[in-house]
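Each remark here refers to the structure printed beneath this line.
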Amino acid sequence: MFDVQQIRKDFPMLRGLTMQGHPLVYLDNAATSFKPYCVLKAIENYYCNCTSNSHRADYDLSQQVDELYEGARSKVAKFIGAKKSEIVFTSGASMSLNLVAYGWGIKYLKPEDEILLTEAEHASNILPWFKVAEVTGCKIKYIPLDEKGKLTPENVSKTITKNTKVISVAQVTNVMGYVIDVKEIAKIAHQYGAIIVVDGAQSVPHMKTDVKDLDCDFLCFSGHKMCGPTGIGVLYGKYQLLDCMDPLLTGGGMNTRFDMCGDVGLQIPPLKFEAGTQNIEGAIGLAAAIEYLEKIGMDEIAKYEIELRQYMIDKMKEIEGITIYNPSADTGIVTFNLKNVFAQDAASLLNSKGVCVRSGQHCAKILMEFLKTTATLRASLYFYNTKEEIDIFVDACKKGGDFLDAFFND
Amino acid sequence: MHFSMTNEMMREIIMDHYQNPRNKREATSEDYQTIYMDSTSCIDKIYIQVKIENDRLVDVCWHGIGCAISTASTSIMTELLKGKTVSEAQNIISNYKNMIHEEEYDPEILDEAIVFMNTSKQAARIKCATIGWNGVNKILGADDDE
């Protein structure tokens, strides 16, 4: 039974902190999420009870750490329906996307090839591909969004050609917040012999993910947006793809042998991609986060967030002159602007009421040409938010006309 | 006048400069020095242009996109610095930045710019309230990392 008040007790950041003298209302979950005590405890346990490096196994302590680290990999694999050998630990979704772009894209793409992206992608799913295009001479094309700002399989079909080798798209984009039909788009990609790379940074934390069902070739996500620590992320890749791509980093732990003539033998995936001492506390913390999310249930989380979103949209519609850019999206991301108030000034006003929202271009700078505005506000929910918090947020928005209040604290 | 200035008056000054920014134009003449200022954390993207003749800032103008705070603070700055010598301008900028960072400053020489005295209460806005000022400071040869 989903009980938000009970859940809130699990989070130290929700113990009644204030900001600018008001109860803290955190609505920037698309940027990062709060961490429950169990995640902090798992990290503390590693440092207090079994600090040592992984993949040594010469003594009991190290053996224990291997069990935790590799156990974390198994946990991640099970969480998204993958095999353990298909899970590479990275520093986050950005690193995962870069790894695919550099390790697979630069290795295999040719000047006549095309990469398909959309205007709604995060910078981390665009800039690495710019680099691939620069190095290989291949082309980047943008799949048009529909009038709501959503990527549809129909538009993928219209844009894809026999030269398309990669489609790289977010399952949920960080500004528009629609859930796209990855399964259908993967089918289209595969019909043309292209691979599909999915940026799951905004989707994996909020809904059940099954990579076998989606049939995506790569999936990238971050730990810190799903109650895990910062600095840990995941690259899932189909094993045969991971096997034939290059690592981004070389060094200790990723080779099996090397000699003075430069002959190097690499580990098989996933270890091939994990050079140097890994973020052990991060992996352990992420495993604890996954355990926590699974205990609540990903379907329960998704259901509650959609209910909360609907409540927020209904309330926000009462705000005079508000523009909501994605009223029909199906996640907790709401992008909007208040009448006659520049986004950053509005965010500052909300700050003065204890409310955290994001202003700006949200790392999706080219999308602003689609939305026809220079900046927006974004409120993004997670399963520990409440209707009461939304009421506080909406009341603060209603004061939009007096946005300089933030500056004078009256 | 400064000490009697109420919050209401300060608001009005900020709103006035936001809605009717002064010296907001692009100078195309080659005797202007131009600097582009932006920030990774916000939307402000502005160009500051200064014309210096005989050690004097004979013109200061700017153009670009900014929030209310960056727009108003840059607008007020252009009025304040226009006509000053380089060292006078540097002194004003340094007093302004002291005010923003809650250090000692001389309110008299800041004139209208004292409307930003509360910026430190909204730490996230310090960048907005100083973006134009840092631009001129750089043109005048400052080497700070802000």
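In the order they appear, the protein sequences are chains U and L.
Take any residue in the first sequence, count from 1 to its spot, add 88: that is its number in the numbering used here.
Take any residue in the second sequence, count from 1 to its spot, add 37: that is its number in the numbering used here.
Using N, Cα and C, we set each Cβ at its ideal position, and we do this for glycine too.
In the structure shown, the three-state DSSP call for residue 72 of chain L is strand. By DSSP's assignment, residue 258 of chain U forms a beta bridge with U:287. At a cut-off of 8 Å between beta carbons, residue 105 of chain L contacts chain U. Between residue 124 of chain U and residue 380 of chain U, the C-beta spacing is below 8 Å.
Contact residues of the segment 43-54 of chain L toward chain U are 44, 47, 48, 51 and 52 (C-beta to C-beta distance below 8 Å). By the rule that beta-carbons nearer than 8 Å mark a contact, residue 159 of chain L touches chain U. Non-local beta-carbon contacts of residue 296 of chain U in its own chain, meaning distances under 8 Å to residues more than five positions away in sequence, involve 386, 387 and 390 in chain order.
Of all C-beta pairs linking the segment 124-138 of chain U to the segment 322-336 of chain U, fewer than three are shorter than 8 Å, placing the two stretches out of contact. Within the segment 74-89 of chain L, contact with chain U at the beta-carbon level (separation under 7 Å) is assigned to 79 and 80.
Taking a contact as a CB-CB distance under 8 Å, the pair residue 172 of chain L and residue 72 of chain L counts as one, their CB atoms being some 5 Å apart.
Across the structure, residue 105 of chain L and residue 307 of chain U are spaced so that their CA atoms are roughly 40 Å apart. Neighbourhood of residue 463 of chain U in chain L, by CB distance below 7 Å: 80, in chain order. The closest CA to that of residue 340 of chain U, considering only U:323, U:348 and U:365, is found on U:365. Beta-bridge partners of residue 460 of chain U (DSSP): none assigned. Apart from sequence neighbours up to five positions away, the residues of its chain that approach residue 269 of chain U with a beta-carbon distance below 8 Å are 240 and 241, ordered along the chain. Residue environment for residue 274 of chain U: buried (at least 16 other C-beta atoms within 10 angstroms of its C-beta). Scanning the segment 267-314 of chain U from its first residue to its last, the whole alpha helix (DSSP H) runs of 4-plus residues come out as 270-279 and 299-302.
Taking 8 Å as the cut-off, the beta carbon of residue 94 of chain L is found closer than this to the beta carbon of residue 119 of chain L. In the DSSP assignment, the residues bridged to residue 84 of chain L are L:73 and L:100.
In this structure, residue 422 of chain U keeps its C-beta atom at 8 Å or more from the C-beta atom of residue 480 of chain U.
Per DSSP, residue 147 of chain U has no beta bridge partner at all. Linking residue 492 of chain U to residue 48 of chain L through their CA atoms gives a straight-line distance of about 7 Å. Chain U places no beta carbon closer than 8 Å to that of residue 57 of chain L, leaving this residue out of the contacts.
The segment 342-369 of chain U contains no complete alpha helix (DSSP H) run of 4 or more residues. Residues of the segment 93-104 of chain L with a C-beta atom less than 9 Å from some C-beta of chain U are 102, 103 and 104, listed in chain order. Interface flag for residue 359 of chain U against chain L is unset, since no Cβ pair is found closer than 8 Å. Residue 435 of chain U and residue 354 of chain U have their C-alpha atoms some 49 Å from each other.
Note on geometry: alpha-carbon atoms of residue 102 of chain L and residue 117 of chain L lie some 21 Å from one another.
DSSP places residue 229 of chain U in the strand class (E or B) of the three-state scheme. Contact between the segment 251-259 of chain U and the segment 277-288 of chain U is present: 3 or more CB-CB pairs across the two stretches fall below 8 Å. For residue 425 of chain U, there is no enclosing alpha helix (DSSP H); the enclosing beta strand (DSSP E) covers residues 421-425. Contact annotation for residue 481 of chain U against chain L: no contact, minimum CB-CB distance about 17 Å [criterion: below 8 Å]. In the three-state reduction of the DSSP assignment, residue 237 of chain U falls in the coil class, being assigned neither a helical nor a strand state. Residue 70 of chain L is positioned such that its CB atom lies closer than 8 Å to that of residue 87 of chain L. CA-CA distance, residue 112 of chain U to residue 244 of chain U, rounds to 42 Å. Beta bridge pairing from DSSP links residue 90 of chain L with L:93.
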